[in-house]
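A.B. asks:
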Amino acid sequence: MKKLIITAVLAFLYTTIDAQQMSLPAVMDSIAANHPVVKMYNAEIRSMDAAAKGARSWMPPTVGAGFFMTPYNAKLWQRDGDMLGMGSVAVSVEQMFPNRKKLNANENLMKAMSAVEKEKLYAALNENFQDAKKLYYSSIVLDKKLKVVKENEKMLDFMIRNAEIRYKNGLSKISAYYKAKAALGSSKNMQLMYENDLRVNRIRLNALMGRDAFAPLEIEPEYNLNDYSLETFGQDLFYQNRSDLRGIDREINIAKLKQDLEKQNLKPEFGVKFENMFGFGGQPMQFSLMLMAKLPFVSWASGMNKANIESLKLKEEALQAQKEMMVNEYSGMAYGMRNELDLNKNQLKLYEDTIIPALKNNYKSMQLGYEQNTEELFMLYDAWEQLNMAQLEYFEILTKALQTQTEIDRLIERR
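Residues -19 to -1, 1 to 396 (mature numbering (1 follows the signal peptide of the UniProt record, and there is no 0)) are what the sequence shown spells out, left to right.
(1) If we ignore side chains and look at the alpha-carbon of each, how far apart do proline 202 and lysine 345 end up?
(2) Assess, as a yes-or-no matter, whether the region 30 to 49 is touched by the region 71 to 82 under the definition of 3 or more beta carbon pairs within less than 8 angstroms.
(3) Within a Cβ cutoff of 8 angstroms, which residues of the same chain sit near isoleucine 378, ignoring the five residues on either side of it in sequence?
(4) Thinking C-beta only, is isoleucine 141 closer than 8 angstroms to lysine 162?
(5) Quick one: is asparagine 182 buried, meaning 16 or more other Cβ sit within 10 Å of its Cβ, or exposed?
(6) Hey, is the region 76 to 86 in contact with the region 250 to 262, meaning 3+ C-beta pairs nearer than 8 angstroms?
(7) Could you name the residues of the same chain whose beta carbon sits closer than 6 angstroms to that of phenylalanine 268, not counting the 5 residues immediately before and after it, in chain order?
(8) Just the Cα atoms here: how many angstroms apart are tryptophan 39 and glycine 284?
(9) Return yes when the Cβ of arginine 27 is within less than 8 angstroms of the Cβ of aspartate 88, no when it is not.
(10) Distance check for serine 95 and alanine 33, CA to CA, integer angstroms please.
(11) Please list, in chain order, all residues of the same chain as glutamate 366 whose beta carbon is under 8 angstroms from its beta carbon, the five residues on each side excluded.
(12) Is leucine 198 closer than 8 angstroms to methionine 3 when the C-beta atoms are compared?
(13) Does the Cβ-Cβ distance between proline 277 and leucine 238 come in under 8 angstroms?
(14) Could you compute how far the alpha carbon of asparagine 143 sits from the alpha carbon of serine 167?
(15) Could you have a look at glutamine 267 and say whether DSSP puts it in helix, strand or coil?
(16) Restricting to Cα atoms, I'd like to know which of Leu373, Arg391, Asn187, Tyr362 is closest to lysine 160.
(17) Check each candidate in Val308, Phe261, Tyr175 and name the one with the smallest Cα separation from phenylalanine 376.
(18) Does residue 411 pass the burial test, meaning 16 or more other C-beta atoms within 10 Å, or should it be called exposed?
(19) Assuming contact is defined by CB atoms lying nearer than 8 angstroms, are leucine 293 and glutamine 386 in contact in what I supplied?
(20) For the candidate residues Leu206, Asn133, Gly262, whose alpha-carbon lies nearest to that of residue 403?
(21) Where does aspartate -2 sit, in a helix, a strand or coil, going by DSSP?
(22) Take methionine 136 and list the residues in its own chain whose beta-carbon comes closer than 6 angstroms to its own, dropping the five residues that flank it on each side.
(23) Under the rule that 16 or more other beta-carbon atoms within 10 Å means buried, what is methionine 190, buried or exposed?
(24) Pick helix, strand or coil for glutamine 353, following the three-state DSSP scheme.
(25) Looking only at its chain, what residues have a beta carbon closer than 7 angstroms to the beta carbon of isoleucine 121, apart from the 5 residues adjacent to it on each side?
(26) Keeping to the same chain, check which residues put their C-beta closer than 7 angstroms to that of lysine -18; ignore five residues upstream and five downstream.
(27) Report all residues from its chain with a CB closer than 8 angstroms to the CB of leucine 226; omit the five preceding and five following residues, and keep chain order.
(28) I believe isoleucine 393 touches asparagine 222 by the beta-carbon criterion, under 8 angstroms. Please report the beta-carbon distance rounded to the nearest angstrom.
(29) Along the chain, where does the alpha helix (DSSP H) containing residue 402 start, and where does it finish?
(30) Among the residues of its own chain, which have a CB less than 8 angstroms from the CB of aspartate 138, if the five just before and after it don't count?
(31) Taking all protein chains shown into account, do 16 or more other C-beta atoms lie within 10 angstroms of the C-beta of phenylalanine 255, making it buried, or fewer, making it exposed?
(32) Asparagine 257 bridges to which residues according to DSSP?
(33) Measure the Cβ-Cβ separation of leucine 179 and leucine 116 and say whether it is below 8 angstroms.
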């Protein structure tokens, strides 16, 4: 019995904890910690950093063994009286010594490779953050829509019940009764749609956070419409905030490092080769010690390196032009969306301060007149319909405003 009680209490606590409201910052923190894209890019970054540890490796030594200046006739290998044998067995070791500046250039290049992946990670996280914002804000608006739908159902239910009583007593016509009945059915249908959209949003939010798709999730109803009037959507803001632009900077840096490596590849490299010969038929041991040099700067060998350097310079110019093009595009989009957001804010204020309060008062006056038998049911229904349409229009504008705000935050990579 005690075990059952303990289990029930733990299950209740678990459900209560999971069902607590989760703020938008908490949702984004969970995405940053648990989304698979983070693990993917972190593994890729660690992979590149691990590969960079071998950037200063030398070329492996070359060893060899075999016959040296040995006649085909094996009888001549042996000593014959005073005549020494001919031929020998040779063992050789060869090692090239890399240019220190070349090793430095290669190390700098390999260490810089992971920086691009880091910016890709930040860009991917920004996309997930803004997608989460859209879902979160959408859920807030859906909750508000559900409350309004339930209030409207009470209004329609009042009309229907009152009309039925009056019709039975011969005090009213039935003309608007069926309109109210149909509107009540449509309202219940909208409620089902909103509830389904809420479930879908919660499933998608849980997926972004790396949680079980059907885990309980409650959102906080508060939201803010940001003020971007003081923001200057220019180069400085985007260069500082945008991960993709910083990623292009990293690619430009990599192109420069590759050029440096190609230039170092044109410099000579030196090596040493040692051979030891074990002579046949009484011949003395002999050795050979040679200094070797690779000369990649000669005209017939340097063509590929010089072509790569020229290609990388052009790529650098292309990346710089791409960055400027993207900044211009982002700037135009941001200013356009800011104007749209300002319009939505003004519209929302007009609905909140004037349109919806006036229509609510109109409905109340019609309801009072209907109760006092000075107004007809169809007039009360028309007043409700106008109020309902205005409320739906308000929520559409609010949804558009929150989506526009999210897209601005997506552009400037602001959480």
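All C-beta atoms in this analysis are idealised placements derived from N, C-alpha and C, irrespective of residue type, glycine included.
C.D. replies: Per the coordinate set shown:
(1) On the sequence shown, position 221 is the one that residue 202 refers to. On the sequence shown, position 364 is the one that residue 345 refers to. Approximately 28 angstroms between the Cα atoms of the pair.
(2) yes
(3) Your numbering for residue 378 matches position 397 in the sequence shown. Asn325, Gln328, Leu329, Tyr332, listed in sequence order.
(4) Reading the sequence shown from its first residue, position 181 is the one you call residue 162. Reading the sequence shown from its first residue, position 160 is the one you call residue 141. Contact flag set, yes.
(5) The sequence position of residue 182 within the sequence shown is 201, counting from 1. Label assigned to asparagine 182: buried.
(6) yes
(7) In the sequence shown, the residue the question calls residue 268 occupies position 287. The answer, listed in chain order, is Asn257.
(8) On the sequence shown, residue 39 is found 58 positions in, with the first residue counted as 1. On the sequence shown, residue 284 is found 303 positions in, with the first residue counted as 1. Going from the Cα of tryptophan 39 to the Cα of glycine 284 covers about 24 angstroms.
(9) In the sequence shown, counting from the first residue as 1, residue 88 sits at position 107. In the sequence shown, counting from the first residue as 1, residue 27 sits at position 46. The question names aspartate, but residue 88 in the sequence shown is glutamate. No, these two residues do not count as a Cβ contact at 8 angstroms.
(10) Locating residue 33 in the sequence shown gives position 52, where the first residue counts as 1. Locating residue 95 in the sequence shown gives position 114, where the first residue counts as 1. Straight-line Cα distance between these residues: approximately 9 angstroms.
(11) Within the sequence shown, the letter at position 385 stands for residue 366. Here the set comprises Ala164.
(12) Position 22 of the sequence shown, counted from the first residue, corresponds to residue 3. Position 217 of the sequence shown, counted from the first residue, corresponds to residue 198. Contact flag set, yes.
(13) The residue given as residue 277 occupies position 296 in the sequence shown. The residue given as residue 238 occupies position 257 in the sequence shown. For proline 277 and leucine 238, no; Cβs fall outside 8 angstroms.
(14) Stepping through the sequence shown from its first residue, residue 143 is reached at position 162. Stepping through the sequence shown from its first residue, residue 167 is reached at position 186. So the alpha carbons of these two residues sit roughly 20 angstroms apart.
(15) Against the sequence shown, residue 267 aligns to sequence position 286. Strand, per DSSP.
(16) As a first step, residue 160 is located in the sequence shown; it is residue number 179 there, counting from the start. Of the candidates Leu373, Arg391, Asn187, Tyr362, the one whose C-alpha sits nearest the C-alpha of lysine 160 is Tyr362.
(17) Here residue 376 is taken as the residue at index 395 of the sequence shown, counted from 1. Checking every option, the nearest Cα to that of phenylalanine 376 belongs to Tyr175.
(18) In the structure as shown, the chain begins at -19 and stops at 396. Residue 411 is therefore absent and cannot be evaluated.
(19) In the sequence shown, the residue the question calls residue 293 occupies position 312. In the sequence shown, the residue the question calls residue 386 occupies position 405. No, Cβ-Cβ distance for leucine 293 and glutamine 386 is not below 8 angstroms.
(20) Because the chain in this structure spans residues -19 to 396, residue 403 falls outside the shown range and cannot be described.
(21) In the sequence shown, the residue the question calls residue -2 occupies position 18. Its pLDDT being 48, under 50, aspartate -2 is placed unreliably by the model, and the measurement read from it follows with that caveat. Reduced to three states, the DSSP call for aspartate -2 is helix.
(22) Mapped onto the sequence shown, residue 136 falls at position 155. Correct list, in chain order: Trp365.
(23) Here residue 190 corresponds to residue number 209 of the sequence shown, with the count starting at 1. Methionine 190 should be labelled buried.
(24) Translated into positions along the sequence shown, residue 353 becomes position 372. Of the three classes helix, strand and coil, the one that applies to glutamine 353 here is coil, per DSSP.
(25) Here residue 121 refers to the residue found at position 140 of the sequence shown. Once the five neighbours on either side are set aside, the close Cβ partners of isoleucine 121 are Ile200, Pro202, Tyr204.
(26) Here residue -18 refers to the residue found at position 2 of the sequence shown. Low local confidence applies: a pLDDT of 47 at lysine -18 is under 50, so the model's placement there is unreliable, with the coordinate-based value given in what follows. Cβ within range, chain order: n/a, list empty.
(27) In the sequence shown, the residue the question calls residue 226 occupies position 245. So the list reads Phe219, Tyr220, Lys304, Met307, Val308, once near-sequence residues are dropped.
(28) Reading the sequence shown from its first residue, position 412 is the one you call residue 393. Reading the sequence shown from its first residue, position 241 is the one you call residue 222. Yes, isoleucine 393 and asparagine 222 are in contact; Cβ-Cβ is about 5 angstroms, under 8 angstroms.
(29) Residue numbering for the chain in the displayed model covers -19 to 396; residue 402 lies beyond these limits and cannot be assessed.
(30) Translated into the one-based positions of the sequence shown, residue 138 becomes position 157. Leu165, listed in sequence order.
(31) What you label residue 255 is simply residue 274 of the sequence shown in a count that begins at 1. Classification of phenylalanine 255: exposed, given that the 10 Å Cβ count is below 16.
(32) Residue 257 sits at position 276 when you count from the first residue of the sequence shown. Beta-bridge pairing links asparagine 257 to Val72, Phe268.
(33) Along the sequence shown, one-based indexing puts residue 179 at 198. Along the sequence shown, one-based indexing puts residue 116 at 135. No, the pair does not count as a contact, with Cβ atoms beyond the cut-off.
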